[in-house]
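S.K.: Read in our numbering, the sequence shown has 351 at position 346, and its numbers run on one by one without any break. No residue lacks a Cβ here, since even glycine has one placed at the ideal position from N, Cα and C. Predicted model, so just to flag it, every value in this text is computed and none were measured.
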Amino acid sequence: MSAAFSRRTMLQLAGSGAISFAAGASGATTRSMRADFLWGAATAGHQVEGGNVNSDSWVLEHVEPKSFAAPSGDACDSYHRWREDMDIVKQLGLNTYRFGVEWSRIEPAQGEYSQAALDHYRAMVEGCVDRGLKPLITFSHFTVPRWFAGLGGWEEMANIDHFLRYCERTARGLGRNYRHGLTFNEPNLGALLSWQPDFRGAMPFFATANAAAAAAIGSSRFSSTPTFDTRRATPVQLAAHQRATEAIKAIRPDLQLGLSLAVADEQAGPDKTAIREKIAQVYTPWFDVVSKDDFVGVQTYGRAVVGEAADLPPPPGVEVTQTGMEFYPEALEATVKWVARETGRPVIVTENGVACADDSRRVAYIDRALAALARAIASGTDVRGYIHWSLLDNFEWNRAYTAQFGLVSVDPKTFRRTIKPSAFHLGGYARANRI
Ligand code: GCO
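#1: Assuming Gln-52 is part of the alpha helix (DSSP H), what are its boundary residues?
#2: With DSSP as the reference, label Arg-436 as helix, strand or coil.
#3: Which partner residues of His-185 appear in the DSSP bridge assignment?
#4: Would you mind sorting Ser-427 into buried or exposed? The rule is 16 or more other CB atoms within 10 Å of its CB.
#5: Are the region 83–90 and the region 430–438 in contact at 8 angstroms, needing three or more beta carbon pairs?
#6: Looking at Trp-394 and the ligand GCO, is the gap between the Cβ and the nearest heavy atom below 6 angstroms?
#7: Going by alpha carbons, who is nearest to Val-268 out of Arg-103, Pro-113, Val-354?
#8: Check this for me: beta carbons of Leu-260 and Gly-186, under 7 angstroms apart or not?
#9: Grab me the residues of Gly-78's own chain with a C-beta within less than 7 angstroms of its C-beta, minus the 5 sequence neighbours each way, in chain order.
#10: Can you tell which of Asp-166, Ile-93, Leu-156 has the C-alpha that lies nearest to the C-alpha of Phe-227?
#11: Any heavy atom of the ligand GCO closer than 6 angstroms to the CB of Asn-190?
#12: In chain order, what residues of the same chain lie with their CB nearer than 6 angstroms to the CB of Asp-270, ignoring the 5 residues before and after it?
#13: Would you kindly check if the distance between the Cβ of Ser-414 and the Cβ of Thr-407 is under 7 angstroms?
#14: Using the C-alpha atoms, what's the distance from Asp-387 back to Ala-183?
#15: Mind checking whether the beta-carbon of Gln-3 lies closer than 6 angstroms to any heavy atom of the ligand GCO?
#16: For the region 162–178 against the region 129–141, are there 3 or more C-beta pairs whose distance is under 8 angstroms?
#17: Please give me, in chain order, every unbroken run of the alpha helix (DSSP H) with length at least 4 that falls completely inside the region 174–221.
#18: In three-state DSSP terms, what is Asn-59?
#19: Taking the alpha-carbon positions, what's the Tyr-306 to Arg-373 distance?
#20: What residue does the beta strand (DSSP E) around Ala-315 start on, and which one ends it?
#21: Roughly how many whole angstroms lie between the Cα atoms of Ser-265 and Ala-220?
#22: Please classify Ser-296 as buried or exposed, where buried requires at least 16 neighbouring CB atoms within 10 angstroms.
#23: Of the residues Ala-196, Asp-293, Ile-222, Gln-272, which one's Cα is nearest the Cα of Gly-263?
#24: According to DSSP, simplified to helix, strand and coil, what is Ala-40?
#25: Under 7 angstroms, do Lys-139 and Asn-190 count as touching if we go by C-beta distance?
#26: Could you name the residues of the same chain whose beta carbon sits closer than 8 angstroms to that of Pro-76, not counting the 5 residues immediately before and after it, in chain order?
#27: Please confirm if the region 318–337 is in contact with the region 277–287, defined as three or more CB-CB distances below 8 angstroms between the two stretches.
#28: Taking 6 angstroms as the cut-off, does the CB of Gln-304 come closer than this to any heavy atom belonging to the ligand GDP?
#29: Can you list, in chain order, the residues of its chain with a C-beta nearer than 6 angstroms to that of Phe-104? Leave out the 5 residues immediately preceding and following it.
#30: Kindly indicate which three-state DSSP category Gln-304 falls into: helix, strand or coil?
#31: Would you mind listing the beta strand (DSSP E) stretches within the region 398–429 that are 3+ residues and don't spill past its ends, in chain order?
#32: Since Thr-230 and Leu-194 are thought to touch, with beta carbons under 8 angstroms apart, how far apart are those beta carbons, to the nearest angstrom?
#33: For Gly-390 and Val-352, I'd like the C-alpha separation in whole angstroms.
#34: Using a Cβ-based criterion (distance less than 6 angstroms to any ligand heavy atom), does Ala-49 qualify as near the ligand GCO?
#35: In angstroms, rounded to a whole number, what distance separates the CA positions of Ala-40 and Ala-435?
#36: Suppose you measure from the CA of Ala-163 to the CA of Gly-50; what does that come to, to the nearest Å?
What follows is the structure, encoded as structure tokens:
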């Protein structure tokens, strides 16, 4: 038996929960995670960098009617302060930093690539490595260049070629010092949101905003995530993921590459339920494609109770988060088990978190979500990491700066970072490598 084999077997046993039980300080049974478990925090380019002026979102943030509570503006100024952000990740005892590269900085005009932007992101990869952090790179986290939105974005199959060129440039430009990548962040989000009555009802409004954005850039159309037509965009993004995977792997065959899915703990409502239709529409096409990837990223924020034709609102009296979701950290057990079973792939939790002003609720959320994750691992689910959303309080899309998902707060004027107790709490799990 080779050393490599026995080591792998040990890791698998550790991952499956077959070894390493111990009693924690509280008396509860705790479990060691595999030695290479990823403990991290996540950000996304547009949500933290600031000044992402060539993106589709920037255009939409500045037209009437306004679909954003405020423009992203300087965000957290992380385009300049990324070193400080990574220092915090390191200080907390986490070992992974997930961040996104912005296509609209790398290719601000069609066919014009910015070497300076590629160098910037490569320096970020190296910055992680210098601190002993593993970078996990998102190639496309919702935002696209404004010119790409004007060409019909993900609603046009022919547009995939633009994405492939960007992925190739980026894969070359970032160098070899990262081991994990995601092509897309939550390409199923539009389909998932279409089950929410509020989002469905707002589609005519979004269409008006998109028309205004088209006019602003002198185009006849403007296609943006997640307000695009998902029946058109889903087949394009499915194909784009597969082709981008081939293109990136041709340059980096050693890369662990996948995508992340928005996954709610889907539960049938008490009366009639359309849960089967919902799953077939929102998840099944992605599960099929993901089953060929190296791993699958699971992003869970809570549960969805599916009624006859849409998700039901949280029952009266339950605790809700700043984004109106039921506070339900337990969702993570069902989602990672389900996705692992359906895809046969190892899971990395690439996002999980809660929007709350009271940080003690984030501490409770982390404890309960990690307990749920430990139960999934104990039942044999192959989970390779837990990456919290988010490192920073940041630009939460349409809600702008009104929802706090961060382990760290950011002063909007001075950009001063203040680490919250929940961040140290998560770091404690990471340092011990136990749940
Ligand atoms: C998403 C995104 C993040 C969000 C987060 C909180 O999952 O929608 O990846 O960009 O900010 O989920 O809503």
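M.R.: On the basis of the data shown:
#1: 50–53
#2: helix
#3: Leu-141, Gln-261
#4: buried
#5: no
#6: yes
#7: Val-354
#8: yes
#9: Gly-55
#10: Leu-156
#11: yes
#12: Arg-308, Ala-336, Ala-339, Thr-340
#13: no
#14: For clarity, residue 183 is Tyr in the given sequence; the question names Ala instead. Tyr-183 and Asp-387: Cα-Cα distance of roughly 22 angstroms.
#15: With the chain represented from 6 up to 440, any question about residue 3 goes unanswered, as that position is not in the structure.
#16: no
#17: 194–198, 202–206, 208–221
#18: coil
#19: 12 angstroms
#20: Unbroken run through Ala-315: none, as it is neither H nor E.
#21: 32 angstroms
#22: exposed
#23: Asp-293
#24: coil
#25: no
#26: Trp-63, Glu-66, His-67, Ala-405
#27: no
#28: What this structure holds is the ligand GCO, not the ligand GDP.
#29: Thr-48
#30: strand
#31: 413–415, 422–424
#32: 7 angstroms
#33: 7 angstroms
#34: yes
#35: 11 angstroms
#36: 26 angstroms
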